[in-house]
Every structure is written in C-alpha cells, then in structure tokens.
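No gaps in the numbering here: position 82 of the sequence shown is 82 in the UniProt record's numbering, and each next residue is one more. We treat Cβ as the ideally placed atom computed from N, Cα and C, and that holds for glycine. The structure appears right after this line, and notes come after that.
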Amino acid sequence: MTASASTARAPWVLLFVAVALIAMNMRMTITGVGPLIEQIAADQGVSPATLGILASVPLLAWGLFSPIAQTIGARLGMSRTISWSLVVLAAGTVWRSVPGSPLNLWLGTALIGFGLAIGNVLMPAVIKRDFGERIPLVMGVYTALLSGSAAVASGIVVPISELESVSGEQLGWRIALLATGALLPAALLLWMWVTRGEGSGRGASAQHAGSPGAGSPAAAAASLHAPPPVAARVGRRIWADPLAWIVSIYMGSQSASYYILATWIAPYSASLDRSAVLAGIDTMIFQLLGVAGSMLLPFVIRGRAQPWGPALVAGVSLIASIGYLALPALLPAWLVLGGLSAGASLTIALMLTATRARTAQHAAALSGMAQSVGYLIAAAGPIVFGWLLGLGGGSSGAWIAPFALVWLVTAVQIVFGLAVRKPRFVLEPRPER
C-alpha cells in the first residue's frame, strides 16, 4: 500500500471508528436505568411504576428537541454540533449521579435526553453524507453497537451497584449509572480530531463551494466534513409529506415497544422470582440479541422479501411479546426472539430515514421529523405501561393489561410496515396512476 493510498484511506477509517464510538454512547446512559428501578425507587421513596416516567424523560426530550437538531447542525456544522451534543451528554450523566436533591436525577436525565436528541437526528445524516454505497453496512454496525452497548449497560449496572467500596459499603445506583458514561471522553476526543477541519455550517459550505478542483484531494477531504445546509423550507415541507408520516409512525411504534420492554423486562423477570442480577441479565439478553438482529437483517431479509421486512420483523416481535406472558417458563427463548426482532426493527427504522430520502438534506429533515414524532409516541410507552401495572395492584393478572399495550403498539408497527414497503422518496411528487 502506498503512502498516498494510506493517507486517503485514513480519514474514512478514523471516521468509521469515531462513529462506532459515538454509537456505543448513545444508549448506555439510559438503558441502565431499568435494572436499577427497584434500587432507585427505594432510595428516592417512590414506587417503581412512578419511575416509568423517569425512563420516558429522555424520549420526551428526543421528541421535543429533535426538530431543532437539523437547524443547529446547519448553523454550526453537523460534526461540530455532534461534538457539543457529546459534551451535553457527559454533563447530564455526571449531574444525574450527584447526591443531594432528588431533582438531580430528573434534571440530569433531561440533559442526557437533550444531548442524545441531537445525536440521534444527525448521526444517520452523517452516515448518509460520508459513507455513500456503504450506508447499509455502516448503519448496520451503528445500530448493532446501539443495541450492544445498551445490552452491556443493562448487564453491568446491578453488579457494579453491588460492589463494595473501600469503606465496605455498596457503590450503589449512582456510581453504576455514572459508569455508563465511561466511554464518552474517548468518543468526544476522537470525533473532534477527525472532524477538526470543519468550520461552522455556513463557513464550511462557502469554503467547499469556492474550492477549486472538485476532484482534487483537497476537495475530497473538504467534502468529507463539510455539512450540507438544511434549508428551513425543507424542514417545513417534510411535515406535510405523507411518506414522512408513515416513516415517523413506524419509528414511534418500534421505539415504544423497544423502550417499554427495555424498561420493564427486569421488573417482570423479578416478578417471576428471578434474582435482581438475573433480571438484569435478562434485559441484557434482550438487548444483546438486538446486535445479532441488526447484523443478520441484510442476510435474512433480502430479494423479494426485502420490501416486506418492516412488517415481518414487527410480526416476530408480536409473537415474542405474546410469549412473555403466555409461556413465562420459556422467557429466555422469547427474549432471544424478541431481541432479534427489536434489533432488526431499529435498523429498518433508521435505514428508512436514509433510504426514503434522495439527499443528505432530506435525510436530516426526515430523521428530525421521524425521531420527533416517533419518540413522543415512544415516551408514552413506559409511562402507560407502569400506570396499567399500578392499576393491577400486585394481583396475579396485573401484567395482562400492560402487555396488551405492547401487543397493540406492535400491531400498529405491522400496519405501517406494510404501508412503507414501496420504494418512494419524501419531498417528491407521487407518480401518476
């Protein structure tokens, strides 16, 4: 390999590693809450059902702040905006674990949600911008790492909380949640280094537009990091696009199902007389199998089956969610099936924001809308599930109504999965019949 070839390839490789590191930080800080719900509830003096609201705080933040992510990205540059989102995420992770006022837990969680909202919207657009024909591969790795890191967090938080400090006391849930942000400094530093050539959105665009020699190495390097300006009119028009609404509701139903289960699998497992550590491992299995689902999707659903993929994976999720309650003795098997389908669903939902848009600008607009609408829908999931569980009053049938909610949400996902199967693009006129 020549030196020039190595130099030309290095930015792509480093950018890929940076994207992977960011993906590993995009879920760990929130999925660690579910296995610790009992500990947090006991320490804060609230019911576990009430903490279903805590699990929804990041989702509410995603829904509220996702629409402004593309505007901030257009002004500052997508890469610089992602850097600031990582700073905000780190600050929220620390704030959440600060002892003292109970508000620290809630306000820190809200700040985490804001930081993640920006990254959630812009990362698919960055992948669309920088990886070209490699989008399916990179998006698969990205979503696999989302699921994988979420699984790791779910599996390690309880053991970390039970470790003894030098004083002989357990570390507790605060240190366990703080540990979920351990990789944030590495992700931030590498991302800032590989995108150091990008200026503000306006300046970078102007520089790129005025640079001579579109095919020159300098122009290629500039195009790697220069963010496409997202016009305000694109952001407005996307909300009137029927296909964008279909993608958004698919995203919402998929996310609602996932976050309900990620939050409540551990308490449900504990209700089956499984230990707290084992309940956390159950959540980890569910999320870890999501990695396999993300990676296997391109090989399992292809050819003629590909257009039906969004509905097919939702159908598998429905079968698994029925199995949790109907045959709890087979819980590990249902967790495997549900995890595989959840990971595949997430990959499909994120890919739709890229494959149903012709340009990176349109992809950013669609991603912003889909994640805003989607996560506002998803935010209600853990709250309503916890409320329905509370209505059961601890009876033997208390879990029936909550799981019926999961079945309903997954059925909606199937319907909109069928609606999105045709290869169309947002912000384009529909063909004449």
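- Within the same chain, and ignoring the five residues on either side of residue 239 in sequence, the residues whose Cβ sits closer than 7 Å to its Cβ are 369.
- Cβ-Cβ distances below 6 Å link residue 256 to 377, 378, 381 and 409 in the same chain, with the five nearest sequence neighbours on each side left out; the list follows chain order.
- In the three-state DSSP reduction, residue 133 falls in the helix class (H, G or I).
- Given a length threshold of 4 residues, each whole run of the alpha helix (DSSP H) inside the segment 76-121 is given here in chain order: 78-96.
- Around the CB of residue 399, 16 or more other CB atoms lie within 10 Å, so the residue is classed as buried.
- Residue 411 has its alpha-carbon roughly 30 Å from the corresponding atom of residue 24.
- In the DSSP annotation of this structure, the continuous segment of the alpha helix (DSSP H) that includes residue 43 starts and ends at 37-44.
- The criterion of a C-beta distance shorter than 8 Å is satisfied by residue 348 and residue 313.
- A check of alpha carbon separations from residue 191 across 128, 63, 18 and 251 identifies 18 as the nearest.
- DSSP, read as helix, strand or coil, puts residue 162 in helix.
- The beta carbon of residue 119 sits closer than 8 Å to the beta carbons of 22, 26, 82, 85, 86 and 89 from its chain, once the five residues preceding and following it are set aside; these are given in chain order.
- By the 16-neighbour rule on beta-carbons within 10 angstroms, residue 167 is exposed.
- Between the alpha carbons of residue 241 and residue 426 lies a gap of roughly 6 Å.
- Boundaries of the alpha helix (DSSP H) harbouring residue 414: 400-419, taken from the DSSP string.
- Rounded to the nearest whole angstrom, the CA to CA distance from residue 417 to residue 311 is 4 Å.
- Classified as exposed, residue 99 has fewer than 16 neighbouring CB atoms from the shown chains inside 10 Å of its CB.
- By the Cβ neighbour-count rule, residue 105 is buried, with 16 or more other Cβ atoms within 10 Å of its own.
- In this structure, the straight-line span from the alpha carbon of residue 342 to that of residue 391 is close to 27 Å.
- Between residue 266 and residue 280, the C-beta spacing is below 8 Å.
- Per DSSP, the continuous alpha helix (DSSP H) segment holding residue 16 begins and ends at 3-25.
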